[in-house]
Amino acid sequence: MPVYVDISRCIGCRSCEVACKRVHGGSGHVNVHFAGDNASVPVFCHHCEEASCTMACFTQALHKVGERTAFDVEKCTGCGLCRLACPFGVVWTDKIAHKCDLCEGRETPACVLTCPANALSLDFELASRRARARAALVAAHGGRR
Amino acid sequence: MIKVDEKKCLGCFSCSNVCPSQNITRTETPELRSVHWKRCKEECDLCVEFCPAKALTLVPYDESCPEPTLSFDLVACKICGSRYATEPMLKRIESSLPANLQKDSTGLDWIWVCPVCRRNIEAERATKQMVLGRSRKSP
Ligand code: SF4
Ligand code: SF4
Ligand code: SF4
Ligand code: SF4
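In the order they appear, the protein sequences are chains A and B. Residue numbers 98 to 242, in the numbering used here, belong to the letters of the first sequence in order. Residue numbers 142 to 280, in the numbering used here, belong to the letters of the second sequence in order.
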């Protein structure tokens, strides 16, 4: 259950980056990227079902707990293998590893709460409902997007 | 004292990170990473326990034994050319992942691409449809 992004809503303000840093002692786990000047998207952990980072971690510091890819700081040696094993480049290792922890211990993730454009949500259904609604609108306007 | 098997060592950050007495040091230049093991007298085997490659063993202290240093050329990213990892570490990733996870949907061997470029690719992939839609809309 990662945080889902509705890319068409993202305004590239980087508020999620700042929010994530604020609640994680200065090290952020999300990067906002820009596609030319047309679009922007936050890039962060997908909490993959088959998570390469957990397969590379030799201490099981990174491990699956249900749908989450969880991290046990006590077990991490900071070896740096997970940083190289994530296909999306969203684990960092400075002395120890860090990545999106879905704001463990908080009711709602900081990035979701903060995003002023409502681009982030924990609800996959909501994201896909909105996408379907947009598709329907497009169809209603003669297929022109 | 610590003995290192140079055929097994990955050139990772583990032993130098876990050593409580700074007996293992790491130096890094943009092209090269070196790890240096001092002749250690501690009764501690944290580094041995936490080496992912099992490259370290405890041996009796021997004054005459030279202090080993291993140096690793850093591999250049296939896309941007920046040096980002040691080759043994990347090979280790290859051997820990099933083959179907080692190529992305476009057939790219992403292991040989640096994390920054991986994030850029992910962002491009995610925004592609959107950007197409928006550019069609603009006059
Ligand atoms: S860190 Fe990377 S590999 Fe691990 S679960 Fe997140 S996206 Fe997947
Ligand atoms: S840096 Fe930590 S979490 Fe990452 S692979 Fe090494 S021990 Fe595991
Ligand atoms: S869920 Fe929390 S840890 Fe994950 S990106 Fe959002 S703010 Fe950062
Ligand atoms: S922990 Fe093992 S593999 Fe990593 S640098 Fe030390 S000896 Fe080499």
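Virtual Cβ for every residue (Gly too), placed ideally from N, Cα, C.
Closest by C-alpha distance to residue i, when choosing among the options
i, options, result
"cysteine 176 of chain A", "B:Gly248, B:Gly152, B:Glu147, B:Lys148", "B:Gly152"
"cysteine 110 of chain A", "A:Thr190, A:Asp134, A:Ser124, A:Gly123", "A:Asp134"
"arginine 180 of chain B", "B:Leu187, B:Ser246, B:Asn164", "B:Asn164"
"phenylalanine 185 of chain A", "B:Ile220, B:Lys232, B:Ile234, B:Ile262", "B:Ile262"
"histidine 177 of chain B", "B:Val145, B:Ile220, B:Glu204, B:Ser205", "B:Val145"
"isoleucine 108 of chain A", "A:Lys172, A:Cys173, A:Thr211", "A:Thr211"
Contact under 8 Å by Cβ, residue i with residue j
i, j, result
"leucine 178 of chain A", "proline 207 of chain B", "no"
"alanine 132 of chain A", "glutamate 147 of chain B", "no"
"valine 188 of chain A", "proline 139 of chain A", "no"
"serine 157 of chain B", "threonine 166 of chain B", "yes"
"glutamate 146 of chain A", "asparagine 128 of chain A", "no"
"valine 272 of chain B", "alanine 216 of chain A", "no"
"cysteine 150 of chain B", "alanine 196 of chain B", "yes"
Backbone CA spacing between residue i and residue j [nearest angstrom]
i, j, result
"phenylalanine 191 of chain B", "valine 200 of chain B", "17 Å"
"alanine 230 of chain A", "phenylalanine 221 of chain A", "14 Å"
"valine 100 of chain A", "phenylalanine 213 of chain B", "38 Å"
"glutamine 243 of chain B", "histidine 126 of chain A", "23 Å"
"alanine 158 of chain A", "phenylalanine 168 of chain A", "5 Å"
"serine 112 of chain A", "aspartate 245 of chain B", "29 Å"
"threonine 247 of chain B", "arginine 233 of chain B", "23 Å"
"glycine 122 of chain A", "threonine 190 of chain A", "15 Å"
Own chain, CB closer than 7 Å to residue i, minus 5 neighbours either side, in chain order
i, result
"leucine 215 of chain B", "Glu172, Leu173, Arg174, Arg224, Tyr225, Ala226, Thr227"
"cysteine 218 of chain B", "Tyr225, Val254, Cys255, Cys258"
"leucine 238 of chain B", "none"
"cysteine 154 of chain A", "Leu178, Cys179"
"cysteine 200 of chain A", "Val120, Pro206, Ala207"
Per DSSP, cross-strand counterpart(s) of residue i
i, result
"alanine 167 of chain A", "A:His160"
"histidine 130 of chain A", "A:Val138"
"arginine 174 of chain B", "B:Glu169, B:Phe213"
"isoleucine 143 of chain B", "B:Leu199"
Contact set for residue i: own chain, Cβ-Cβ below 8 Å, skip 5 residues either direction
i, result
"lysine 182 of chain B", "Met142, Tyr202"
"cysteine 221 of chain B", "Cys255, Val257, Cys258"
"leucine 219 of chain A", "Met98, Val100, Tyr101, Thr205, Pro206, Val209"
Cβ-based neighbour list, residue i, same chain, cut-off 6 Å, excluding 5 preceding and 5 following
i, result
"alanine 182 of chain A", "Ser149, Cys150, Ala153"
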